[in-house]
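Have a look at the structure below, then the notes.
Chains as they are written, first to last, in full-length UniProt numbering: chain A, 1 to 227; chain B, 1 to 227.
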């Protein structure tokens, strides 16, 4: 219940920093908290960047969000998770989520583009050590894949918890960037004979494929058919 | 015409290196050149990682492929492109492309996953300085958005070429990684009452939205209706 008189309200926007103000197309950048959350919540996979031996590494990975905190999990043997656990104070990361909404076909090659929405989070990732927070984070990771799913699955047992590392990254130094709208051709190109416009990309769900070993009578749950 | 008797054939696979052999799930890794190319060619946006002031930065950007070379372009003022042009010898980057194909819902929270295909390219990005290669790269970038499109658009003029920086990254230290198949629950969980299976993600194209200023009589080209 953010913004009510009973709870301290957060600012509606993140504070821009040197790293979150883009050098290019600053008009496409936004620091709006709700927009950032909506872009994050719509994605399945983020791209997590970190530095290893002085060189960048970018790996796709699942993530979850609880309020202003993102979680990434993996095996305790996985490289960035091990590095976040060992690094003091934490592991500098950059976490990026991108959706491509449409292809933008201009008359000029130069003005070809895509309509997209992205969020870039800069910060430091730390190991989640509190067992309660770890459980909350794992639920958030499952619910990020399918909302409501964590309540309809067997929770992690002690062995699985021990084999799983979770790191967190707070939403603090954050920006969204988006291109929307139509073609931006030069006025002198408008009469050219090339077709120009948007080609929207559609995303959707196929038919659920049940596991062959499913117990007899197990039906597709409502939270899946509702998607 | 790779592999014919007239041209030298490339090995069918990239050579694994310390950076391209994953610490986790090595059975999911592949170095197959054709698989890598197919994953790269299917994407619209890559996530380009580089190091700035010691911290990682991951930005979404368009890309194109010509044989074993990837191209990324942007304004001459854009940060990574400027850095690649100034850095000597080049800018260390990591370029990652990921497709999510299905959500994997297991009976146990622990075994939730997604089916995905990704390519991670490690290497050094350099400025493209040869004007001919720059034109080839820009065509590849447009054709990556829609195959065949570069021939049906106005090529970049001198001013646009001067405003555009292009960097290249060779496919050398490369791996693909994929999760395919069904649910991997523990045998003792199979009788649990939770629905388990795959939820495929579908991708497709919507109806083209013509630019309002389109010249009269300009019809949607065949290469778009064919998509």
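Beta carbons: idealized from backbone N, C-alpha and C, even for Gly.
Determine the contact status of residue i and residue j, defining contact as a CB-CB distance below 8 Å.
| i | j | result |
| --- | --- | --- |
| residue 169/B | residue 73/B | no |
| residue 80/B | residue 177/B | no |
| residue 39/A | residue 97/A | yes |
| residue 215/A | residue 187/B | no |
| residue 179/A | residue 126/A | no |
| residue 114/B | residue 103/B | yes |
| residue 145/A | residue 62/A | yes |
| residue 95/A | residue 59/A | no |
| residue 201/B | residue 134/A | no |
How is the alpha helix (DSSP H) around residue i delimited, first residue to last?
| i | result |
| --- | --- |
| residue 84/B | 79 to 86 |
| residue 225/A | 222 to 225 |
| residue 144/B | 131 to 145 |
| residue 158/A | 158 to 163 |
So for residue i, helix, strand or coil by DSSP?
| i | result |
| --- | --- |
| residue 32/B | strand |
| residue 118/B | strand |
| residue 153/B | coil |
| residue 113/A | strand |
| residue 212/B | coil |
| residue 40/A | helix |
| residue 189/A | helix |
Check for me: the beta strand (DSSP E) holding residue i runs from which residue to which?
| i | result |
| --- | --- |
| residue 173/A | 173 to 179 |
| residue 202/A | 197 to 205 |
| residue 75/B | 69 to 75 |
| residue 60/A | 55 to 62 |
| residue 92/B | 91 to 105 |
| residue 49/B | 45 to 52 |
When the cut-off is 8 Å and only beta carbons count, does residue i lie next to chain A?
| i | result |
| --- | --- |
| residue 156/B | yes |
| residue 192/B | yes |
| residue 31/B | no |
| residue 38/B | no |
| residue 17/B | no |
| residue 3/B | Only weak support exists for where residue 3/B lies, its pLDDT of 40 falling under 50; the value from the coordinates is given anyway. For residue 3/B, the answer is no, since every Cβ of chain A falls outside 8 Å of its Cβ. |
| residue 92/B | yes |
| residue 23/B | yes |
Spell out whether any CB of chain B is found under 8 Å from the CB atom of residue i.
| i | result |
| --- | --- |
| residue 105/A | yes |
| residue 44/A | yes |
| residue 89/A | no |
| residue 127/A | no |
| residue 222/A | no |
| residue 26/A | no |
| residue 14/A | no |
| residue 109/A | yes |
| residue 6/A | Residue placement at residue 6/A cannot be trusted, given a pLDDT of 49 that sits under 50; what the coordinates show is reported in the next sentence. No, residue 6/A does not count as interfacial toward chain B. |
| residue 9/A | no |
*asked:* Any C-beta of chain A within less than 8 Å: which residues of the segment 196 to 220 of chain B qualify?
replied: Correct list: 196, 197, 198, 199, 200, 201, 202, 203, 204, 205, 206, 207, 208, 209, 210, 211, 212, 213, 214, 215, 218, 219, 220.
*Select from the segment 52 to 63 of chain A all residues with a C-beta closer than 9 Å to any C-beta belonging to chain B, and list them in chain order.*
The residues in question are 52, 53, 54, 55, 56, 57, 58, 59, 60, 62.
_Can you pull out the residues from the segment 160 to 181 of chain A whose beta carbon lies closer than 9 Å to at least one beta carbon of chain B?_
Flagged, chain order: 160, 161, 163, 164, 177.
*Proximal residues, the segment 132 to 158 of chain B versus chain A, C-beta separation under 9 Å*: Answer set for the segment 132 to 158 of chain B: 138, 139, 141, 142, 145, 146, 149, 150, 152, 153, 154, 155, 156, 157.
*Report the residues of the segment 67 to 90 of chain A with a CB closer than 9 Å to any CB of chain B, ordered along the chain.*
For the segment 67 to 90 of chain A, the residues whose beta carbon sits under 9 Å from a beta carbon of chain B are, in order, 74, 75, 77, 78, 79, 82.
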